[in-house]
Structure formats: structure tokens, C-alpha cells
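Here's the structure, in C-alpha cells; my notes come after.
Protein chains: 2
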Amino acid sequence: MNFSNWAASIQQRTEIALGSALPSSQVSPTRLHEAMRYAVLGGGKRVRPLLCHAAGDLFKADQNSLDTAAIATELIHAYSLVHDDLPCMDNDVLRRGKPTCHIEFDEATALLAGDALQTLAFQVLSCRSLDVDLARQIEMLNLLATASGSRGMAGGQALDIAATNQQLTIAALELMHIHKTGALIRAAVLLGAHCGNATPAELDQLSHFATRLGLLFQVVDDILDTESSTATLGKTAGKDAAQNKSTYISLLGKDQAKEFAVNLLHESHSALTPFGDRALRLHELADFIAKRNF
Amino acid sequence: MNFSNWAASIQQRTEIALGSALPSSQVSPTRLHEAMRYAVLGGGKRVRPLLCHAAGDLFKADQNSLDTAAIATELIHAYSLVHDDLPCMDNDVLRRGKPTCHIEFDEATALLAGDALQTLAFQVLSCRSLDVDLARQIEMLNLLATASGSRGMAGGQALDIAATNQQLTIAALELMHIHKTGALIRAAVLLGAHCGNATPAELDQLSHFATRLGLLFQVVDDILDTESSTATLGKTAGKDAAQNKSTYISLLGKDQAKEFAVNLLHESHSALTPFGDRALRLHELADFIAKRNF
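Going down the list, the protein sequences come from chains A and B.
Each step along the first sequence adds one to the number in the numbering used here, with nothing skipped, and position 24 is 24.
Each step along the second sequence adds one to the number in the numbering used here, with nothing skipped, and position 207 is 501.
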């Protein structure tokens, strides 16, 4: 199967798994469940589920377990977007080409939908149907929590807020992104590998890969924010400059930022060397992330 | 040890356990960690930790495991208060006798602090040091998630919002409270019992106790909201009437609400009958909840 067919199949099974895990909008409280489904379904590149499956495939992991781990990371990602778009944060009106959750519903509902999406991630990952031993499942739960919390993704968002109207150093910008985007991307890769019973050494190697890939993702994001239209991105373009945020573009200039992206892509590929041909999908995903235009 | 000495000792060890579990405010992102500590430490009755310990003591559970389970429920409770106080929800300025988190810090920080407190609850409960078998630990994680999410606490808050300016039936009010307050109170009791390896039958019996107790807690809350001062409560008094919310007082009148509380207290005690004298602390806690004035 070529990469785009594989990616489409993963995106499709992710959509189905998310649709089953999310409570029906017929179930009380209906408006909350409607908002949760609105925020999660029918959009998004599903980068984290793709990474989770690609890492799991490296170890021939059980596909149903991968679906569970994949949607846990996607639910955390979706909750973070809903809260990030709220008026007290980025105050954004457009996400995945649609009105943001608090515009479509209301602020209180969006706040609770984000809260409940986070909870659902841990509910899903603590189900009995995961085909890994119990000690590993608990480690996976702890990994997801650590990646999402104040020393991971939520901490990165706090650093991002603190950085508004500040000129950051490259090191500070990198630290912020390693938390804000990188931690959950790394978790997606490692959860996939855990589903395939990866050894500690293999997890370490993949952690190195995922860290470089997470930064690559962000550098490309910064480039797209300046080069693409709102219509292409499905979210407000030019936001970083408008909010006077430091980006790889503002600190390095466009040419050097692109060079940095090329280097990060190279490092991502190199980190996969020990896995040989088995890491095909992860190689392809790194290329996909480097070359995406949305 | 008499009840108030026992309660004071549990409150003290809960405070210590929370202080250790929360990242230091010296650790980056410092403002986020400061806000998390502000929202959790140095206040609160710690009703959920008391219930968790009391239920665990019934089965001679390991005290350190009970601390872990207890603070997981308290972190969920604390996160819900931070988000509940936000301008888009109850828009409150006073909590536990102090300015609410978004007043002391800012809205974005309070939002993220609440988010990260929820995550920390799952991080804490997925640690390796819990002295229960792994299958039970995963069941405990799933129980906490289910109690906190859209069909538990967060769902109850959504029902609460939908009910503003509505005259509810008694059944609808009960349904709202069973979710909003009851689900986490029940989880606190059951997590404590799990720490002591309670059997399914014992868990069922305690679930019945906790459900009646959760309602009792809420009826007493409604009575206190009309009878106490803001200074005594440490939070804004008279809020329910001001927000035109249905309460047991508005639906039943004060006398009948008090009679309902007496009945719920009786049912709570009855549900503990199978445990005999071993359930002393739970009996005492039910009395404490019925007679509290703060």
C-alpha cells in the first residue's frame, strides 16, 4: 500500500474509533456531547494517530490497541485546541475550516467540552480491551498524563502565553515548542511503540526521533502561518505576527528557518536508522510533515 | 482517636501529599505552577479525601495508597472549582475565603491551571507506588475518569448551566446533582475501598451509601447557601437565588428540604449496616456532612 492510501485508511479508522468513543449527541447532556463531537469529528490531519500507528506497525502491534492509543492522543489534542481557541487564550473564530467550538456553541459549553475530552482520553486508555500487559498499560497512562500536563503540553501553552509580546531566544522558543507540541507528538509515537511491546532501548531511540520531528512540525507550522492563506490552513493565517509572537521566522528569517527544517528532517530520518526498512511509514510521515501545505 | 482528631490528621496528611504531588512553584512554568498550588493548597474541607480514607480504613487499606487515591479525587475537585469560577461559568470572585484563581492570576492561567490539575490527577493515580494489583489500579483509573467526565461531574456542570433560569422538577434536580457532586463523592468512596481490595458486593453496597451521601451533601449545601453568610462559607452566599437556579429550597421549601436531609442521612447510615462497627468513620462522616456549617 502506498503512503497516501495507508494514511487515508488510518484516518478513516481513527474517525470510526473516535465516533464510537465519543458519547452520542442523543445522550444527556446532549449539548455537551454535541460540542464534544463537533470539536473532534470530521476534520484534522490526525497527525498523532498516524504517528501512533506508524510507530506501532514497526513492531507489528495489534491494530485495535493502536486505535485506542491513537484516539487517546487525538482527544487530548482536540481538547487543547478547544481551550486554546477560547477568548481568554487565542480568541480564535476558525478551526479546521469551521467556527471554533465556543463560536458554534458558547464559551461555557466549549470549556466543559474541552474538560470532558481530556477526561475521555484517560477513560479510553484505561479500558480493558488494550492488548498489552497491565504494567505497560499503566505506564502508557502515566506517559500520556505527563505529556499533557503542566510539564508537558499545558506547560507549553503557559510558556506561549508568557512569551506574547516578548522577543524569545531560540533556546526559549525551542523549549516552549518541545512542551506545547512536542510532548504530545512524542507521546503518540511512544504509545504506538508500547502497543507493540517495544523495549526501553527502542523507546529511547523513538523518543529521539519524535523530539526532532516535533520541532520540525513546529518550524513548518511557522512557515505555513506566514506563507499560506486562511482558506488553505482552515485556521486564521498570519496569527503569530498579529499577536507579536516569536517564531522561527521572526527569529531566524524565512531562509534560515527553511534550512533548519531541512536539518530537522534529516535528523528525524537518521534517528530511524537502527530500525532499517521496518520504519518506512515513520520515514514517510516525516516527509509528509516536512512537505505538508495545510 | 475521636472523629475530629482523625479528620484533622487526614486533612494534614492530604495537605502534605498534595504539596508533594504538585510541582514546585520554582519549576518552569512558574506562574502556572504557582496558580495550581494556589488553587489546591491551604483550604477546603477535603471531604473527598476524608471519604476515601474512611472507606479504605473499613478494609485496613495501606495509608500511602489511600493518600494517592485521595489526592487524585481532590485534584479533580480543585480543577472543577477553578473552571466553575471562571467568568464564562459562575463568574465568582471568592473561593475558600480567598480571591478565585482567575482573579488572583488571570483567566488564561486559571484555565490552564484547571486543565493541568485534571491531568495531574491521572498522573498521580497511574504512579507505580500504589499498593493494589495492576488490574485494580486500571479499574480505579477508569472509575475516576468515568466519574469526572461528560457522564459524570463535567456532565453535571453542563446540566447545571442548562438549568439556569429554569424551574426543574425534583427528578431533574436530583439527576443534575448525582452527576455534578455525587459522581466524584462516589468515586472517592470507591477508590478508598479499592485500595483495601473490597469485593464487588462491598463496592456495590458502598456505592449505594455514597449516592445517598452525595445527595445529602447537596441538600445541605442548598440550605447553607440560604442560611449562612459569605464569611462563614468562604464563598459567595445566596448565589443560587441570585442566579435563579432551582435548589431543594426553591422546590421543596426550607422545612421539607431539611426533612429530606434527615431522610438521606438515615438512608446513608442504613446503607452501612452490613459493615457493622467497622464503618464507624463513614457513619461519623455522614453526620459531619449533615451537620456542617461551612
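Where is the CB? At the ideal position from N, CA and C, for every residue including glycine.
Exercise. Name the chain A residues that come within less than 7 Å of residue 318 (chain B), Cβ to Cβ?
Worked result: Ordered by position in chain A, no residue passes the 7 Å Cβ test against residue 318 (chain B), which lies about 11 Å from the chain.
For this session: Can you give me the start and stop residues for the alpha helix (DSSP H) that residue 517 (chain B) sits inside?
Result: 494 to 521
Exercise. Name the DSSP bridge partner or partners of residue 99 (chain A)?
Worked result: Partner(s): A:94.
For this session: Compare the C-beta of residue 436 (chain B) against all C-beta atoms of chain A and say whether one is closer than 9 Å.
Result: yes
Exercise. Once you ignore the five residues that flank residue 442 (chain B) on each side, which residues in its own chain have a CB closer than 6 Å to its CB?
Worked result: 370
For this session: Could you give the DSSP three-state label for residue 26 (chain A): helix, strand or coil?
Result: coil
For this session: For chain B, find out if any of its Cβ atoms is closer than 9 Å to the Cβ of residue 186 (chain A); answer yes or no.
Result: no
Problem set entry | C-beta neighbour in chain B for residue 182 (chain A), strict 9 Å | no
For this session: Just tell me which of A:241, A:124, A:212 has its CA closest to the CA of residue 223 (chain A).
Result: A:241
For this session: Measuring only between beta-carbons, confirm whether residue 157 (chain A) sits less than 9 Å from chain B.
Result: yes
Problem set entry | the segment 559 to 568 of chain B in contact with the segment 495 to 504 of chain B per 3-pair CB rule at 8 Å | Counting Cβ pairs under 8 Å, three or more are found: they touch.
Exercise. For the alpha helix (DSSP H) that contains residue 534 (chain B), what are its first and last residues?
Worked result: 533 to 536
Exercise. Does the distance from the C-beta atom of residue 205 (chain A) to that of residue 99 (chain A) stay below 9 Å?
Worked result: no
Problem set entry | Extent of the continuous alpha helix (DSSP H) run through residue 365 (chain B) | 357 to 378
Problem set entry | Interface flag, residue 421 (chain B) vs chain A, CB-CB below 9 Å | yes
For this session: Would you check if there are 3 or more beta carbon pairs closer than 8 Å linking the segment 544 to 552 of chain B to the segment 314 to 327 of chain B?
Result: no
For this session: Identify every run of the beta strand (DSSP E) within the segment 113 to 161 of chain A, keeping only runs that are complete inside it and at least 3 residues long; order them along the chain.
Result: none
For this session: Measuring only between beta-carbons, confirm whether residue 115 (chain A) sits less than 9 Å from chain B.
Result: Judged by the 9 Å Cβ criterion, residue 115 (chain A) is in contact with chain B.
Exercise. What are the start and end residues of the alpha helix (DSSP H) that includes residue 471 (chain B)?
Worked result: Residue 471 (chain B) -> alpha helix (DSSP H) spans 464 to 471.
For this session: Look at residue 192 (chain A) and residue 178 (chain A) and say whether their C-beta atoms are less than 9 Å apart.
Result: no
Problem set entry | Span of the alpha helix (DSSP H), counted from its first residue to its last, around residue 250 (chain A) | 248 to 252
Problem set entry | Per-residue DSSP class, three states only, for residue 550 (chain B) | helix
For this session: Can you have a look at residue 108 (chain A) and say buried or exposed, based on whether 16 or more other CB atoms are within 10 angstroms of its CB?
Result: buried
Problem set entry | residue 337 (chain B), DSSP secondary structure in three states | Coil, per DSSP.
Exercise. Taking the alpha carbon of residue 165 (chain A) as the point to measure from, which residue in A:239, A:186, A:51, A:85 has its own alpha carbon closest?
Worked result: A:239
Exercise. Which chain A residues sit within Cβ distance under 8 Å of residue 330 (chain B)?
Worked result: The answer, in chain order, is 150.
Exercise. Using CA coordinates, which residue listed in B:356, B:351, B:342, B:372 is at the minimum distance from residue 332 (chain B)?
Worked result: B:372
Exercise. Comparing the C-beta of residue 123 (chain A) with each C-beta of chain B, is any distance below 9 Å?
Worked result: yes
For this session: For residue 83 (chain A), go through chain B and note every residue whose CB falls closer than 7 Å to its CB, in chain order.
Result: In chain order: 405, 409.
Problem set entry | CA nearest to the CA of residue 416 (chain B), picked from B:439, B:396, B:405 | B:439
Exercise. How about residue 105 (chain A) and residue 196 (chain A): are their beta carbons less than 9 Å apart?
Worked result: The Cβ atoms of residue 105 (chain A) and residue 196 (chain A) lie no closer than 9 Å to each other.
For this session: Can you tell me which of the three DSSP states residue 299 (chain B) falls into?
Result: helix
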